[in-house]
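Here's the structure we're looking at; comments come further down.
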Amino acid sequence: MRIATWNVNSLTVRLPQVLAWLTANPVEVLVLQELKMTDDKFPFDAFTQAGYHAQCFGQKTYNGVALLSRSPATDVVRNIPGFSDDMARLISATVGDVRVIGGYFPNGQEPGSDKFEYKMSWLKGLREWLREELARNPKLVLLGDYNITFDDADVWDPVGLKDTIHCTEEERYHLRALIALGLHDAYRLFPQAEKSYSWWDYRNFAFPRNRGLRIDHILVSNTLKPLVKSCVIDKAPRKNERPSDHAPVIVELAND
DNA sequence: ATGCCTCAGCTCCTGAGA
Numbered sequence: 025m026r027i028a029t030w031n032v033n034s035l036t037v038r039l040p041q042v043l044a045w046l047t048a049n050p051v052e053v054l055v056l057q058e059l060k061m062t063d064d065k066f067p068f069d070a071f072t073q074a075g076y077h078a079q080c081f082g083q084k085t086y087n088g089v090a091l092l093s094r095s096p097a098t099d100v101v102r103n104i105p106g107f108s109d110d111m112a113r114l115i116s117a118t119v120g121d122v123r124v125i126g127g128y129f130p131n132g133q134e135p136g137s138d139k140f141e142y143k144m145s146w147l148k149g150l151r152e153w154l155r156e157e158l159a160r161n162p163k164l165v166l167l168g169d170y171n172i173t174f175d176d177a178d179v180w181d182p183v184g185l186k187d188t189i190h191c192t193e194e195e196r197y198h199l200r201a202l203i204a205l206g207l208h209d210a211y212r213l214f215p216q217a218e219k220s221y222s223w224w225d226y227r228n229f230a231f232p233r234n235r236g237l238r239i240d241h242i243l244v245s246n247t248l249k250p251l252v253k254s255c256v257i258d259k260a261p262r263k264n265e266r267p268s269d270h271a272p273v274i275v276e277l278a279n280d
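Residue numbers (my numbering): 25 to 280.
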C-alpha cells in the first residue's frame, strides 16, 4: 500500500491538481495540509467520485488537514488528545491495520517569538500523546508538513540558514525526540539524490534553482520499518502552472 | 530590503507562510 502527504496551500485553489494527482498516483491514503477552508466548504463529492473516503478537519483562512483513503477510515481523532489547541493541525485514523496520523506542524515564524514557543509546546504535546498511541498501534505512520529539517542535508544553504526557522537546534531536538519513540525517517532508509527537498519558496525562482528545504516527512514505526519498500518526493506537481510550494511525499509499504 | 510570491479576507492592503 502507498501512503502520501501533500501540503496543498489552499484546497480551494489546488483541488483540480489533487484530483489529477490521485488519478496518476492512486495511493491508498493521502493526507493533506493547509486546506484553508471550513468543513462546510470541503469538496466531499469530488473525492467520492475519485474513489476516496474523506475525513476533514478544517478551519477558516489558516491550517486545516484531511485524510483521504480508498477503504473506509475508522477511529478518527482530530488534534492531539490532552493538548488544548485552537488550530486544526492533526487528523488520525486507522486504514486497514495501519494507524495513519497526518499533521500540519506549527511554522514557528521566528526563534524566540510567541509562535516559536507554541511550536515547541505543540511538539511536546504531540510526543507525549504519540508515546501512548504507538503502544496502542504498533503499525503507525506519522506524516505531514513538519516544518523542521533534520540536518544540513535537508537545507539548500545550511550556512546562510543556520539557526533560522526550520533549522534551529531546538526544533531538531524535538524531531529527534519523536524518532526516539521508535520511529524512522522513511526517506533516509534509502539512498537519495543530494539536495532533495520537499518545499521551495515561491520567490526568487527558488524551485528552478533548487533552493529548498526538506520539511515534509514520513515517519514509520519499528514494526512497519521492515515493510517499507520505497519513499520518494514527487516534484512533478511543483511544475504545475499554479503549484503549491510543497511537493507530495509517498511511502510504499509491502503487505506483511 | 521590514524586498522578491501566493493565498484569504472586514479584499486595492495586510498578515502569514517558510
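Beta carbons are placed, not taken as given, at the ideal position from N, Cα and C, and that holds for glycine.
As assigned by DSSP and simplified to three states, the class of residue i
i	result
Asn131	coil
Asp121	coil
Ala217	coil
Ala240	In the sequence on display, residue 240 carries Asp and not Ala. Asp240: strand per DSSP, three-state reduction.
Lys139	helix
Lys253	strand
Phe81	strand
Ser116	strand
His198	helix
Leu205	coil
Asn103	coil
Thr62	coil
Asn87	coil
Arg160	helix
Trp180	coil
Leu154	helix
Identity of the residue in the options nearest residue i by Cα
i	options	result
Val51	Gly132, Glu58, Val42	Val42
Pro130	Leu199, Asp175, Ser93, Leu243	Leu199
Ala117	Val101, Met111, Asp109, Asp110	Val101
Asp175	Leu167, His241, Asn228	His241
Glu218	Ser254, Ala28, Asn234, Ala230	Asn234
Cys80	Val55, Arg94, Asn246, Leu158	Val55
Tyr226	Leu207, Glu195, Val89, Asn264	Asn264
Lys249	Ile274, Phe229, Pro215, Leu207	Leu207
Glu14	Thr98, Leu205, Tyr76	The question about residue 14 has no answer here: the residues shown for the chain are numbered 25 through 280.
Leu158	Thr62, Thr247, Thr47	Thr247
Asp109	Asn87, Thr98, Asp99	Asn87
Phe71	Arg212, Val89, Ser93	Ser93
Cβ neighbours of residue i in the same chain (closer than 7 Å, five flanking residues each side left out)
i	result
Val179	Thr173, Leu185, Cys191, Leu237
Ala271	Ser222, Ile257, Asp258, Lys259, Pro261, Arg262
Asp267	It should be pointed out that residue 267 corresponds to Pro in this sequence rather than to Asp. If we look at Pro267 and ignore the five residues flanking it on each side, its Cβ neighbours are Pro261.
Tyr142	Pro130
Contact set for residue i: own chain, Cβ-Cβ below 6 Å, skip 5 residues either direction
i	result
Lys139	Gly132, Gln133
Phe68	Ala78
Ala278	Leu251, Lys253
Glu276	Arg26, Lys253, Ser254
Gln83	Ala112
Arg155	Leu205
Sequence-distant residues of the same chain with beta carbon closer than 8 Å to residue i, five excluded per side
i	result
Ile203	Asp209, Leu243
Ala44	none
Integer Cβ distance of residue i from residue j, believed to fall under 8 Å
i	j	result
Val53	Leu91	7 Å
Tyr170	Gln57	With 8 Å as the limit, Tyr170 and Gln57 do not qualify as a contact, their Cβ atoms being about 10 Å apart.
Thr29	Gly168	5 Å
Lys60	Thr85	6 Å
Leu46	Tyr76	7 Å
Phe231	Trp224	4 Å
Glu193	Met144	The Cβ separation is near 12 Å, so there is no contact.
Residue i beta carbon near the ligand PLP (any heavy atom closer than 7 Å)
i	result
Met61	Among the components of this structure there are no ligands whatsoever, and the ligand PLP is therefore not found.
Note to self: Check whether the segment 27-40 and the segment 99-108 touch, using three or more Cβ-Cβ pairs below 8 Å as the test.
What the structure shows: no
Notebook entry, point to check: Does the count of Cβ pairs from the segment 155-170 and the segment 119-132 closer than 8 Å reach three?
Noted result: yes
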